[in-house]
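Engineer: Below is one structure. I have some questions about it.
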């Protein structure tokens, strides 16, 4: 789990704000330059621009703003019971400049101590984009470790 948490959010304005932001995009964009001019230069913008769909009228998102808002609303529901009931090996990775406080991270581990926590030396909430190499290194090491463990288990 990269830059994720199960505590949810008690601020319904967060999901509504995201939905309003996506709905505010002046689409269709005439071209990639126009999209970048509006969207800015955050790490996530490259991903958004790469995912724009070309139409006869210009570039448009492949998603619906209202659907994105409903999806984020669902993510904001607390999932502590489900988290604490997990029976699988779990890795929680947090970026140095991510969106979760030390208290948030500590609570996640306190409520499920068998979770392995890794803190990246850089990155934001979009660490999969702006701390890609470190994130992939951590993920590869985790998956390799699990494969070795699974192999030993299946040999028995």
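Residue numbers (my numbering): 54 to 209. Every residue gets a Cβ at the ideal spot worked out from N, C-alpha and C, and that includes glycine.
Hey, could you find the ends of the beta strand (DSSP E) residue 145 is sitting in?
Structural biologist: Taken as a continuous stretch (DSSP letters only), the beta strand (DSSP E) holding residue 145 covers 144 to 147.
Engineer: Where do the ends of the alpha helix (DSSP H) carrying residue 64 lie?
Structural biologist: Residue 64 -> no alpha helix (DSSP H), and no H or E assigned at all.
Engineer: How do the stretch 102 to 112 and the stretch 68 to 82 stand: do at least 3 beta-carbon pairs fall below 8 Å, yes or no?
Structural biologist: Yes, the stretch 102 to 112 touches the stretch 68 to 82.
Engineer: Could you give the first and the last residue of the continuous beta strand (DSSP E) run that contains residue 108?
Structural biologist: Residue 108 -> beta strand (DSSP E) spans 106 to 108.
Engineer: State buried or exposed for residue 146, treating a residue as buried only when at least 16 other CB atoms are found within 10 Å of its CB.
Structural biologist: By the neighbour-count rule (16 or more Cβ atoms within 10 Å), residue 146 is buried.
Engineer: So the alpha helix (DSSP H) residue 161 belongs to, where does it begin and stop?
Structural biologist: Where residue 161 is concerned, the enclosing alpha helix (DSSP H) stretches over 155 to 163.
Engineer: According to the Cβ coordinates, are residue 54 and residue 144 closer than 8 Å?
Structural biologist: Contact: yes.
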